[in-house]
Amino acid sequence: MVTDADQSAGRTTRQTILVADDTPENIDLLSALLRQDYRVKVATSGEKALAIVNSTEPPDLILLDIMMPGMNGYDVCRRIKANPDRRGIPIIFVTAMTSIEDERLGLEVGAVDYITKPISPPIVAARVRTHLALYDQTRALEDRVRERTAELFASRQQIIRRLGRAAEFRDNETGNHVIRMSYYARLIAQAIGLGPEATELLFNTASMHDIGKIGIPDAVLLKPGPLNKAEWAVMRQHPEIGAEIIGEHDDELLQTARTIALTHHERFDGSGYPRGLIGEDIPLFGRIVAIADVFDALMTARPYKPALPIDETLQVMGRNTGLHFDPALMAVLPSVLPDMLRINATYADTHGPMTDVDVPVAEPGDSGEGAAQPA
């Protein structure tokens with residue numbers, strides 16, 4: 067049945083108690099005591115207990131005997147506490163081992179309580195209620211912490227992406243460039259089999275690649291024609307300026323943004339800047355962003371150049387494979403090209419400044435109306 071406590075906690079099903087004991091009489095006694103208020107699962111060995119704990123429907127509390135054949139209760143408890151996904155489940159030892167040393171060891175390995183046999187039914191019932199209530203409170207608090215952490219992480223992501231767009235606006239762009247190239251980078255990462263967490267980390271930090279342009283003088287950054295040698299020397303300072311703006315942090319999001327800002331103009335053959343890194347010495351995210359950035363730049367019109375059509379863009383990038391770009395990353399470009407063209411059309415500069423959305427919705431458009439050589 068569903069108890070008043072269940073209803074007040076918002077549960078529609080009864081909590082589950084796992085009784086792990088190798089003696090049928092003990093299992094029957096504990097099951098009869100608990101079954102009225104809880105779902106009861108039983109295990110007659112440590113191995114069976116672990117199988118239930120590690121299943122898709124783990125128990126909410128475990129009553130665990132110590133003296134069982136094979137794996138004893140202490141070892142079962144240690145295994146559970148070593149599993150990050152299950153270590154929070156409260157474990158109460160129910161055992162005939164009554165010495166203070168036995169109880170001390172039981173609590174040291176992670177149990178929340180220790181009940182000796184022969185059991186007192188009222189004491190068992192009271193201890194189970196208490197530890198289930200504490201577990202519920204702990205889980206509720208953890209959920210709130212996770213929600214708040216997610217909110218803070220999302221806020222940091224948005225701040226980083228907005229700063230990236232701010233740099234583009236100063237460069238006389240709509241800000242759509244950072245949206246497009248972030249999506250391109252995510253597509254490439256997915257195509258090479260990067261995991262979802264790393265892919266989203268890249269997606270949410272790629273927009274900061276040119277944040278260092280904030281520190282470039284207007285006379286250089288906004289010059290309508292080609293830059294001379296001295297001006298290029300100034301422009302090429304922007305990766306290091308970007309890294310300095312972001313700074314060095316323990317936070318993974320900011321660490322990644324800094325790495326991208328510093329390395330997205332390195333070239334695979336070592337002729338890039340600011341450090342002249344070669345091949346895989348260039349961080350993977352820097353190599354991916356280099357492709358995404360140049361692809362968008364070639365296809366987007368700028369004051370000093372027209373947009374290139376897709377066939378010419380691919381020819382330019384193909385000639386630079388192994389020189390500017392990582393050949394292994396370029397090999398996946400054909401498989402993601404249709405989605406890149408869809409993104410290019412969805413966030414075209416002709417639409418004006420746009421708020422980025424999570425899923426491109428436009429049909430593939432004319433890829434020739436879209437980007438410029440990155441500085």
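Quick note, the sequence shown lines up with residues 67 to 441 if you use the working numbering.
For each residue, glycine too, the CB sits at the ideal point set by N, CA and C.
Keep in mind that this is a model prediction, so the values were computed, not measured.
Secondary structure of residue i, DSSP reduced to three states
i    : result
I277 : helix
T82  : strand
R302 : coil
Y370 : coil
Y339 : coil
T89  : coil
L293 : coil
D179 : strand
G308 : helix
F334 : coil
E314 : coil
S97  : helix
P124 : coil
S345 : At residue 345 the sequence reads Gly, which differs from the Ser that was named. In the structure shown, G345 sits in a helix (DSSP, three-state: H, G or I).
R153 : coil
Q102 : coil
P135 : coil
P184 : coil
Limits of the alpha helix (DSSP H) - the one that residue i falls within
i    : result
P158 : It is Ile, not Pro, that sits at residue 158 in the sequence shown. Looking at the DSSP string, I158 is not in any alpha helix (DSSP H); the run it does join, the beta strand (DSSP E), is I157 to T161.
T271 : P262 to T271
N242 : N242 to A257
G112 : G112 to V119
G139 : G139 to K147
I166 : I166 to E174
T325 : E318 to T329
R353 : L350 to L364
G415 : It should be pointed out that residue 415 corresponds to Asp in this sequence rather than to Gly. No alpha helix (DSSP H) holds D415; DSSP gives it neither H nor E.
L287 : D284 to L287
Separation of residue j from residue i, as counted between CA atoms
i    : j    : result
Q81  : V106 : 9 Å
D276 : G308 : 7 Å
E263 : E217 : 17 Å
G313 : I326 : 12 Å
G434 : G259 : In this predicted model, G434 has a pLDDT of only 33, less than 50, meaning its place in the structure is not dependable; the value taken from the coordinates is given anyway. Between G434 and G259, the C-alpha separation is close to 29 Å.
I166 : L320 : 51 Å
G281 : R324 : 15 Å
L207 : L200 : 11 Å
D183 : V108 : First, the amino acid is wrong: residue 183 is Lys here, not Asp. Looking at the two C-alpha atoms, the distance is approximately 18 Å.
L287 : T122 : 57 Å
G291 : V211 : 52 Å
E346 : R214 : 37 Å
P90  : D179 : 22 Å
G261 : I181 : 45 Å
C143 : L173 : 10 Å
N120 : K147 : 12 Å
L84  : D209 : 24 Å
L374 : D415 : 14 Å
I128 : D168 : 18 Å
H390 : A177 : 58 Å
D151 : T265 : 23 Å
M247 : N294 : 27 Å
E306 : G278 : 7 Å
A394 : D317 : 29 Å
Limits of the unbroken beta strand (DSSP E) element including residue i
i    : result
V108 : R105 to A109
I128 : L127 to L130
Proximity test, Cβ basis, 9 Å: residue i and chain B
i    : result
V360 : Absent here is chain B; the protein component of the structure consists of one chain.
**OP:** Specify whether the segment 394-413 and the segment 247-255 touch according to this definition: at least 3 beta carbon pairs, one from each stretch, less than 8 Å apart.
**Re:** yes
Subject >> Inter-stretch contact at 8 Å, needing at least 3 Cβ pairs: the segment 99-113 / the segment 149-163 >> reply: The segment 99-113, when compared against the segment 149-163, does not touch it at the 8 Å Cβ threshold.
Original post:
Using 8 Å as the threshold, is the segment 291-304 in touch with the segment 348-365, meaning 3 or more CB pairs across them?
Top reply: Under the three-pair Cβ rule at 8 Å, the segment 291-304 does not count as touching the segment 348-365.
Subject >> Whole runs of the alpha helix (DSSP H) within the segment 382-413, excluding any shorter than 4 residues >> reply: 393-396 and 399-412
Original post:
Is the segment 359-370 close to the segment 340-347, with three or more CB pairs under 8 Å?
Top reply: no
**OP:** Indicate whether the contact test is met: 3 or more Cβ pairs, each with one atom in the segment 110-122 and one in the segment 159-169, closer than 8 Å.
**Re:** no
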